[in-house]
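Accompanying notes for the structure given below.
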Amino acid sequence: MADGNDVFDVIVIGAGPVGENAAKRAVRGGLTAAVVEERLAGGECAYYACIPSKALLRPMGLAAEVSRVPGLELRGPIDAAAVLARRDETVSNLDDSGQVSWIENVPATFVRGRGRLAGPLQVEVTTPDGGVRPLRARHAVVIATGSDPWIPDTPGLREARPWTNREATSVQQVPKRLVVIGGGAVACEMSQALHSLGAQETTVFVRGDRLLARTESFAGELLAKSFQDSGIDVRFSRSCIRVERPAPGGPVTVHTDDGSVIEADEILVGTGRRAAVGDIGLDTIGLPAVGPIEVDASMRATGVPDGWLYAVGDVNGRNLLTHMGKYQARICGDVIAARAQGRPDNLRAMRDIADDQGAPQVIFTDPQVCVVGRTEARARADGFAVRAVEYDIGAVSGAYLQADGYTGRAKMVVDEDRRVLLGVTFVGPAVVDLLHSATVAVIGEVTLDRLWHAVPSFPTVSEIWLHLLEEYGL
Ligand SMILES: Cc1cc2nc3c(=O)[nH]c(=O)nc-3n(C[C@H](O)[C@H](O)[C@H](O)COP(=O)(O)OP(=O)(O)OC[C@H]3O[C@@H](n4cnc5c(N)ncnc54)[C@H](O)[C@@H]3O)c2cc1C
Ligand SMILES: NC(=O)c1ccc[n+]([C@@H]2O[C@H](COP(=O)([O-])OP(=O)(O)OC[C@H]3O[C@@H](n4cnc5c(N)ncnc54)[C@H](O)[C@@H]3O)[C@@H](O)[C@H]2O)c1
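So the sequence shown is numbered by full-length UniProt numbering: it starts at 1 and just counts up by one.
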């Protein structure tokens, strides 16, 4: 709520999941807040990323599970129209009134329009009618503008109007022939989702030699095997060198560096994202308008005199994940309120320690890929005395009961000096809910000798913990 003349204690630019939560925590701490949003309150996550992608993937995952249990049968292909209709419901048919009400109930003031810094503690909002509404912050401005998809400079690619996550998650007509560029989370999830919904000829071009290159190598290998088994054509160490789409809306022709030429109905790029910092007025306060906004562990932008600017979520580049952005938002809102009221601002809960340790992440493919903490390679590079053990999840009774021919693998990376976990990876069907146990163990620095007494229930997949510890030598 404003306290006159559009002056607020805190102004948040960007009402994605992260900006909304920064405002909520600041208000909970006793401050007034305004939240500025130029498109849809709820952000990329709610309408074009996490939510619709998972709605599109869920039937594929369920169908795969059914196919692995004798006695159950799924007749015919997945009904794409029904899946797309449910996807539309999950994104509230792109109506953000529920999210706007959520913000107003915080209570915070929602301001529709494009926000731009106009000097220290000053924000100008260009409203939908073209007017400019000046806002002033008494204590802090929080940048939570997220990120935008990045499209490589490949000749002809931009002119061919490729799909990004936005078009892929809001698909109305599933293309029969699809080319995907990239081997990260977006490419993997959307290839599998669209293939399951009718993209019969799906070809994925991966620049490197594996999928999900930042994870343990077996994760990408198991996923690539699953792609190939289901008929997705994955081509490694291949780059797309030229793209042509002579007629708008017509077929697209993709040329690759091995001389192949593929014709498709659509091309989807999943080649990473860039912090959304263009034209948000960083120049007015002497910051470069390129790259993520660098912040300290309290989310305060470094290099800004008087420390009134904060940046949370994708725009600070720490970990491009909703849950990590919301974690940063809680820290940020609490810190701003504490500093504004002269309370201690250095409590343990007010510093980001989780981002650097390796964020938990689930790639919702079949198999699911769940990671937290450091990979073995990263732990070694960071100088830890490392020992890693792996185990076949399919050999666990709970997994064997879940599915015939269960294929999955787990790995834990141990800091030998302290006998605590540095990282854990689970790959397999139905492993998603194991991840939080690993997150608690890694972030809580639970010793292996203590973890030994956390007895997993029989017959659940969680007995993988027991097998990993025994493999280690306990
Ligand atoms: C296909 C896909 C699937 C994903 N799946 C997952 C997942 O399953 N789990 C997960 O944790 N993460 C997932 N992510 C990542 C997740 O979407 C992001 O990490 C998350 O959206 C970041 O939240 P944010 O609030 O920082 O930014 P955003 O959600 O991008 O929100 C930023 C908001 O700021 C607004 N904005 C920008 N500039 C201005 C301005 N100048 N003035 C006013 N408003 C402005 C934008 O309109 C937007 O609403 C996925 C990403 C993609 C692309
Ligand atoms: N389930 C989830 O948690 C989830 C799902 C989707 C996206 N996300 C997040 O969104 C972010 C963006 O995802 P993303 O998949 O776009 O990015 P990414 O960084 O995960 O993967 C980018 C991929 O594109 C490739 N690439 C980069 N430049 C290229 C080029 N010029 N030509 C060919 N290939 C190129 C990279 O080698 C890599 O395989 C990620 O940080 C991810 O964490 C999360």
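Backbone N, C-alpha and C fix where the C-beta goes; we use that ideal spot for every residue, glycine too.
Residue pairing of T447 in beta bridges, as defined by DSSP: V420. Of the residues T202, W150, A301, G182, the one whose Cα lies closest to the Cα of V174 is T202.
Residue state for T90 is assigned as helix, using DSSP reduced to three classes.
The stretch 352-416 contains, as complete alpha helix (DSSP H) runs of 4+ residues, the segments 354-357, 376-381, 397-402 (chain order). In chain order, F364 place their CB closer than 6 Å to the CB of K54, counting only its own chain and leaving out the 5 sequence neighbours on each side.
With contacts defined by Cβ atoms closer than 8 Å, G358 and I393 do not form a contacting pair. At least one heavy atom of ligand 1 is found less than 7 Å from the C-beta of T145. In the DSSP assignment, P59 falls within the unbroken alpha helix (DSSP H) covering 50-67. In this structure, the CA atom of N346 is about 10 Å from the CA atom of D334. The shortest C-alpha to C-alpha distance from V204 to any of A213, G220, L31, V234 is the one to V234. In the DSSP annotation of this structure, the continuous segment of the alpha helix (DSSP H) that includes P17 starts and ends at 17-28. According to the DSSP assignment, H467 belongs to the alpha helix (DSSP H) that extends over 464-472. Counting other Cβ atoms within 10 Å of its Cβ, V27 reaches 16 or more and is therefore classed as buried. Distance between V442 and L469, taken at the CA atoms: about 14 Å.
If you ignore the 5 residues before and after A329, its C-beta comes within less than 6 Å of the C-beta of V18, N21, A22, V312, all in its own chain and listed in chain order. Counting the other CB atoms within 10 Å of its CB gives S226 a total of 16 or more, which places it among the buried residues. C240 is bridged by DSSP to T256. Judged by DSSP in its simplified three-state form, T284 adopts helix. Closer than 7 Å to some heavy atom of ligand 2: that describes the Cβ of G270. By alpha-carbon distance to R116, the top candidate from V12, V304, I262 is V12. Under the three-state reduction of DSSP output, L84 falls in the helix class. For G156, same chain residues with a beta-carbon under 8 Å away, outside a window of 5 residues either side, are R242, V243, E244, R245 in chain order. In the displayed model, E201 falls within a strand according to three-state DSSP. A check of alpha carbon separations from V371 across F458, T90, A160, R409 identifies R409 as the nearest. Contact between the stretch 94-105 and the stretch 34-51 is present: three or more C-beta pairs spanning the two stretches fall below 8 Å.
For T169, the uninterrupted alpha helix (DSSP H) run begins and ends at 165-169, by DSSP.
The Cβ neighbour count for I232, taken over all protein chains shown within 10 Å, is at least 16; the residue is labelled buried.
Counting other Cβ atoms within 10 Å of its Cβ, L321 reaches 16 or more and is therefore classed as buried. Distance between G184 and A49, taken at the CA atoms: about 14 Å. At the C-beta level, V396 and I464 come within 8 Å of one another. When DSSP reads this structure, T322 sits in no beta bridge, so it has no partner. Distance from the C-beta of K24 to the nearest heavy atom of ligand 1 is not below 7 Å. When only Cα atoms are considered, A64 and D79 end up about 15 Å apart. Taking 7 Å as the cut-off, the C-beta of A187 counts as close to a heavy atom of ligand 2.
Assigned with DSSP and collapsed to three states, A160 falls in coil, not helix or strand.
About 19 Å separates the CB atoms of R274 and D355; that is not less than 8 Å, and the two are not in contact.
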